[in-house]
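Peer 1:
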Amino acid sequence: MILQALTRYYEILAKDGRLPKPGYAAAKVSFALNLSESGKLLNFLPLKQEEQRGKKTVEVPKGMIVPEPVTRAVGILPNFLCDNSTYFLGLDQKGKPKRSLRCFTASRDLHLKILDGASSPAARAVTGFFRSWNPLTAESNAAFREREEQVLAGGNCIFMIDGGEFAQDDPELCHAWEAYRKSLDQGRRMTCLVTGKEEPVAILHAKIKGVTGAQTAGASLISFNSPAYESYGHDKEQGLNAPVGKYAAFAYTTALNHLLADREHRIKAGDTTVVFWAENGKPVYRNILSAMLSPQNEDQNNLLSSIMKRVEDGRPIAEDVEPETPFYILGLSPNAARLSVRFFLHDSFGHFIKHINRHYEDLEIVHAPQDFPYLTLYWLLRETVNPNASDSSSSPLMSGEVLYSILMGQPYPRALQNAVLLRIRAEQDDADRHTRKITRGRAAILKACLLRTPDHQIDKEVLTVSLNPDSKNRAYVLGRLFAALEKTQRDANPGINSTVKDRYFTSACATPGNVFPTLFKLYENHLAKLRKMENGKGIEIHDEKLVGGLMDKLDLEDDPFPSHLLLNDQSIFILGYYHQVQDFFTPRADRKNTEEE
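Numbering-wise (the numbering used here), the sequence shown opens with residue 136 and increments by one.
1) Could you check how far apart the C-beta atoms of L148 and L154 are, in whole angstroms? I think they sit under 8 Å.
2) Suppose you measure from the CA of L681 to the CA of D687; what does that come to, to the nearest Å?
3) From the DSSP output, in three-state form, read off E562 for me.
4) Once you ignore the five residues that flank E499 on each side, which residues in its own chain have a CB closer than 6 Å to its CB?
5) P458 lies in the beta strand (DSSP E); which residues open and close that run?
6) Distance check for P604 and N728, CA to CA, integer angstroms please.
7) Which stretch, first to last residue, makes up the beta strand (DSSP E) that contains T473?
8) Measure the C-alpha to C-alpha separation of A550 and P504 and round it to an integer number of angstroms.
9) So is V336 buried or exposed if we call it buried at 16+ other beta carbons inside 10 Å?
10) Quick one: any contact between the stretch 243-256 and the stretch 272-284, if contact means 3 or more CB pairs under 8 Å?
11) Short of 7 Å in beta carbon distance, which residues of its chain neighbour I211, apart from the five on each side in sequence? Order them along the chain.
12) In angstroms, rounded to a whole number, what distance separates the CA positions of E731 and L510?
13) Q431 by DSSP, collapsed to three states: which one?
14) Can you tell me the Cα-Cα spacing of L701 and F640, whole angstroms?
15) Where are the beta strand (DSSP E) runs, 3 residues long or more, that stay fully inside the stretch 267-354, in chain order?
16) What three-state label does DSSP hand G416 in the structure shown?
17) Kindly list the residues whose CB is nearer than 8 Å to the CB of T791, restricted to its own chain and excluding five residues on each side of it in sequence; keep chain order.
18) How many Å lie between Y222 and M533 at the Cα?
19) Using 8 Å as the cut-off, can you tell me whether the stretch 169-178 makes contact with the stretch 264-279, which would need three or more C-beta pairs spanning the two stretches below that distance?
20) Touching or not, the stretch 628-648 and the stretch 556-564, by the rule of three or more beta carbon pairs under 8 Å?
21) Just verifying my parser: in three-state terms, what is the DSSP assignment at R188?
22) Rounded to whole angstroms, what is the Cα-Cα separation between Y547 and P157?
23) Can you give the beta carbon distance from P469 to D406, rounded, assuming they're within the 8 Å contact cut?
24) Using a 10 Å radius around the Cβ and a threshold of 16 neighbouring Cβ atoms, would you call H699 buried or exposed?
25) Measuring alpha carbon to alpha carbon, tell me which residue in Q184, A619 and Y513 is nearest I674.
26) Closer than 8 Å is the cut-off here; do at least three beta carbon pairs connect the stretch 711-724 with the stretch 609-619?
27) Look at the alpha carbon of H340 and the alpha carbon of H502, and state the distance between them as a whole number of angstroms.
28) Alpha carbon to alpha carbon, what distance is there between H400 and N608?
29) Please work out which residues of its chain come closer than 8 Å, Cβ to Cβ, to L125, disregarding the five sequence neighbours upstream and downstream, and give them in chain order.
30) Less than 8 Å between the C-beta atoms of D497 and R587, yes or no?
31) Along the chain, where does the alpha helix (DSSP H) that runs through V379 open and close?
32) Assess contact between the stretch 290-310 and the stretch 244-259, defined as three or more Cβ pairs (one per stretch) separated by less than 8 Å. Is contact present?
33) Consult DSSP for D704 and reduce its assignment to one of helix, strand or coil.
34) Between A90 and F215, what straight-line distance do the alpha-carbon atoms span, to the nearest angstrom?
35) Inspect the beta-carbon positions of A160 and P213 and report whether they are closer than 8 Å.
36) May I ask which residues mark the beginning and end of the beta strand (DSSP E) holding Y547?
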C-alpha cells in the first residue's frame with residue numbers, strides 16, 4: 136500500500152513536471168567543472184546558494200535534475216555527469232590515492248562508453264576532459280589549485296560547457312544516457328508487486344534521504360542483504376525476494392525523497408520523521424496539515440487559527456479543498472542502514488482535519504492571555520521531558536503513539552498521562568530556571584487524556600476549560616482546596632518563594648488523608664498571621680469563606696480526605712488545583728463573562 140500510494144503520487148507530480156522522468160533524479164550540486172569544447176578545465180563554478188533556515192542564513196548545494204545515480208554500497212560505482220571529486224578528478228581528502236585513481240578510471244570508462252558516437256559540443260567537451268585529465272598532475276592546473284580545498288571537501292560536481300549550458304541538459308547526452316540505461320534493462324523479468332506488470336526487477340532500490348537520525352548518505356526502505364531476510368529459494372537474490380519493477384522502485388523512491396526534502400512540510404515526533412501528501416498532488420492540502428500539526432511561523436499560526444474557526448463554524452476548510460480527497464501520512468524512523476515504518480495512515484483529508492480539530496478542543500484549557508491558543512505536538516511532548524535534561528527528546532515510542540492518537544481520534548496512550556504525572560511528582564517550581572511544576576501544558580494533557588477515557592470511569596463535569604465552581608467531585612474539590620490553602624500561605628507571607636506545594640503537593644495528590652490534616656494546622660497559623668497584619672482582616676475573611684465553601688462540597692459524613700487516590704483521580708486533583716489557581720488571576724469581569732457564556 137505504501138509503495139502503490141507513493142508511485143501514484145510520483146506519476147501525478149511527474150505529469151506536471153514537478154518530478155524528473157525515469158532515468159533522472161534530483162541531486163544537490165556544489166560545483167560545476169567549466170570545460171572548453173576540447174575538454175580543458177577552465178575553472179570551477181560554485182553553485183551553492185544562500186537559504187534561510189530559522190534565524191540563520193546558510194549556504195546549501197543547488198538542487199538540479201541529473202542522470203539517476205547508482206546505489207552504492209562498498210564497491211566502485213561511477214555516476215554519469217554528476218559525481219564527487221573522487222570519481223571526476225581522482226582526488227579527495229580520504230587518504231586513499233590508489234582507490235581514488237580506480238574511481239576516476241571507472242568514471243572515465245563509463246563516460247567514454249556512453250558517449251561513444253556522440254558528437255555534440257557537450258559530448259566532445261566531456262570525453263575530451265576524461266581523455267586528458269591526469270589526477271597525478273592535477274597540481275599543475277591553476278584552476279584546480281584555486282578551488283582545491285573546497286572541491287575536495289566533498290559535494291557533487293557537474294560539467295558546464297564554456298560557461299553556458301550544463302552537460303546534463305544537452306539533448307544528445309540525454310539521448311545517449313537513455314539508450315545506455317535501456318540496454319541495462321535485461322535483468323530478470325517478474326510481475327511487479329506495485330504495478331502488477333511484468334518488467335525487469337530492481338535488485339537494489341535507491342537510498343531514502345532526509346529521515347532524521349538515519350545515515351546522511353541515505354537508508355533503505357526495502358533491502359535484503361542477509362539470509363535471515365531472504366525467502367526460501369531466493370538465497371542471495373536480494374530484490375528478487377520482493378520483486379519491485381525498476382520503474383516502481385524509481386517512482387516510489389523519487390516521490391519519497393521529494394517529500395522528505397521539503398523542510399516546510401516535514402515534521403518530527405520523537406525519532407519519527409513524518410511526511411504526508413494528498414492523492415491529487417495539490418500542495419494546498421500539505422500546507423494546511425503542516426500548519427495544523429506544527430506551525431513554524433506567524434503565517435502558519437494565523438492559518439491554524441483560521442482553519443480552527445472554520446471547522447468550529449462548520450464552514451469549508453479552504454477554497455479548492457475537497458474534504459473527501461484521499462490523504463496519506465507516513466512515519467519513518469531510523470534503524471541502522473534501514474528505515475522502520477512507524478505508521479502509515481490512509482483516510483480522507485476531512486477526517487484527518489476533524490481529528491486534529493478535536494485534539495485541540497480536548498487540550499483547550501484556561502491560560503494566560505499572552506500564551507498561544509494552541510499547544511502543538513512539539514510543546515506537548517516537551518511536557519513529558521525533564522527540562523534540565525541534556526537531551527530534550529521525548530520517548531520515541533510514545534511520540535509516535537501520541538501522533539497516531541491525534542490523527543486517528545483515538546485515546547491517547549496511557550504512557551502520556553503517566554509521563555506527565557511523573558514529571559509533576561519529580562519537579563519543583565524554580566524561579567531561576569523559569570520552570571513550574573503544574574504548567575498549562577501538563578494540565579491540558581491530563582484533561583485531554585481523561586476526556587478520551589471511557590465515560591463510566593471519569594466524572595466528565597470537571598473536564599472543563601476553566602473552573603467549574605459547582606462540581607462536588609471529591610478529587611477535583613481537594614485540588615481546589617489545596618490551591619486555596621496555598622493562597623492563604625502566600626497572603627500571610629508576601630514574597631515567599633517556597634510554599635506548601637513544594638513540600639506537600641505530591642503527597643496530597645496521592646495520599647490526601649495523610650497530608651491535609653497537616654495542611655490545616657499550617658492554615659490556622661497562616662490565618663493567625665493574617666489577623667496581625669495591616670489590612671489582613673479582609674483577606675482572612677475572604678480566604679476562610681473560600682476554604683469553608685470548598686469543605687461544604689466534601690461529604691463530611693464520609694472521610695473527606697481519602698487515604699489514597701487512583702491515577703485518574705490524581706489527574707483530576709491536579710486539574711482542580713490548576714483551575715483554581717488560574718481563577719485567582721482571572722479578573723472578576725472576565726470571570727463573570729465566562730459564567731454567563
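Ideal Cβ positions, reconstructed from N, Cα and C, are used throughout, including at glycine.
Peer 2: Let's see:
1) Numbered from 1 along the sequence shown, position 13 holds the residue referred to as residue 148. Numbered from 1 along the sequence shown, position 19 holds the residue referred to as residue 154. Going by Cβ atoms, the distance from L148 to L154 rounds to 4 Å, so yes, they are a contact pair.
2) The residue given as residue 681 occupies position 546 in the sequence shown. The residue given as residue 687 occupies position 552 in the sequence shown. If you draw a straight line from the Cα of L681 to the Cα of D687, it is about 10 Å long.
3) One-based indexing of the sequence shown puts residue 562 at position 427. Annotated three-state conformation of E562 is coil, per DSSP.
4) The residue you call residue 499 lines up with position 364 of the sequence shown. Same-chain partners within the cutoff: V600.
5) As a working mapping, residue 458 is identified with position 323 in the sequence shown. Judged by DSSP secondary structure, P458 falls outside any beta strand (DSSP E); it is assigned neither H nor E.
6) The sequence position of residue 728 within the sequence shown is 593, counting from 1. The sequence position of residue 604 within the sequence shown is 469, counting from 1. Caution is warranted here: a pLDDT of 49 is assigned to N728, below 50, making its placement in the model unreliable, and the coordinate value is therefore given only provisionally. When the Cα atoms are used, N728 and P604 turn out to be separated by approximately 14 Å.
7) Along the sequence shown, one-based indexing puts residue 473 at 338. At residue 473 the sequence reads Arg, which differs from the Thr that was named. Per DSSP, R473 belongs to the beta strand (DSSP E) from R473 to S483.
8) The residue labelled residue 550 in the question sits at position 415 within the sequence shown. The residue labelled residue 504 in the question sits at position 369 within the sequence shown. Computed Cα separation, rounded: 30 Å.
9) What you label residue 336 is simply residue 201 of the sequence shown in a count that begins at 1. Buried: at least 16 other Cβ atoms inside 10 Å.
10) Fewer than three Cβ pairs drawn from the stretch 243-256 and the stretch 272-284 lie within less than 8 Å of each other, which leaves the two stretches out of contact.
11) Numbered from 1 along the sequence shown, position 76 holds the residue referred to as residue 211. Correct list, in chain order: R237, C238 and A241.
12) Here residue 731 refers to the residue found at position 596 when the sequence shown is read from its first residue. Here residue 510 refers to the residue found at position 375 when the sequence shown is read from its first residue. Its pLDDT being 46, under 50, E731 is placed unreliably by the model, and nothing is read from it.
13) Locating residue 431 in the sequence shown gives position 296, where the first residue counts as 1. Of the three classes helix, strand and coil, the one that applies to Q431 here is coil, per DSSP.
14) Looking up residue 701 in the sequence shown gives position 566. Looking up residue 640 in the sequence shown gives position 505. A direct Cα-to-Cα measurement between L701 and F640 gives close to 15 Å.
15) Counting only runs of 3 or more residues that sit fully inside the stretch 267-354, the beta strand (DSSP E) segments are 291-296, 324-326 and 333-335, in chain order.
16) The residue labelled residue 416 in the question sits at position 281 within the sequence shown. DSSP places G416 outside both helix and strand once states are collapsed to three, so it counts as coil.
17) Nothing about residue 791 can be reported from this structure: the residues present for the chain run from 136 to 732 only.
18) By 1-based counting over the sequence shown, the position of residue 222 is 87. By 1-based counting over the sequence shown, the position of residue 533 is 398. Straight through space, the alpha carbons of M533 and Y222 are spaced by roughly 44 Å.
19) The answer is yes - the stretch 264-279 touches the stretch 169-178, with three or more Cβ pairs under 8 Å.
20) Cβ pair count under 8 Å is three or more, so yes.
21) Sequence index remark: in the sequence shown, residue 188 carries index 53 (1-based). Strand.
22) Numbered from its first residue, the sequence shown carries residue 547 at position 412. Numbered from its first residue, the sequence shown carries residue 157 at position 22. Taking the straight line from one Cα to the other gives about 43 Å.
23) To locate residue 469, count along the sequence shown from 1; it is residue 334. To locate residue 406, count along the sequence shown from 1; it is residue 271. Cβ atoms of P469 and D406 come within 8 Å of each other, at about 7 Å.
24) Taking the sequence shown and counting its residues from 1, the one referred to as residue 699 is at position 564. H699 comes out exposed.
25) For this step, residue 674 is matched to residue 539 along the sequence shown. Of Q184, A619 and Y513, the residue nearest in Cα terms is A619.
26) The stretch 711-724 is in contact with the stretch 609-619.
27) Position 205 of the sequence shown holds residue 340. Position 367 of the sequence shown holds residue 502. Distance between the alpha carbons of H340 and H502 is about 50 Å.
28) Here the question's residue 608 lines up with position 473 in the sequence shown. Here the question's residue 400 lines up with position 265 in the sequence shown. Using only the alpha carbons, I get a separation of about 44 Å.
29) The shown model of the chain, from 136 to 732, leaves out residue 125, and the question about it has no answer.
30) Along the sequence shown, one-based indexing puts residue 497 at 362. Along the sequence shown, one-based indexing puts residue 587 at 452. Contact: yes.
31) Working through the sequence shown from its first residue, we reach residue 379 at position 244. For V379, there is no enclosing alpha helix (DSSP H), as DSSP marks it with neither H nor E.
32) Yes: at least three Cβ pairs fall under 8 Å.
33) The sequence position of residue 704 within the sequence shown is 569, counting from 1. Note: D704 maps to helix in three-state DSSP.
34) No statement about residue 90 is possible, as the shown extent of the chain runs from 136 to 732 and does not include it.
35) Reading the sequence shown from its first residue, position 25 is the one you call residue 160. Reading the sequence shown from its first residue, position 78 is the one you call residue 213. Contact: no.
36) Position 412 of the sequence shown, counted from the start, is the residue given in the question as residue 547. From DSSP, Y547 is part of no beta strand (DSSP E); its letter is neither H nor E.
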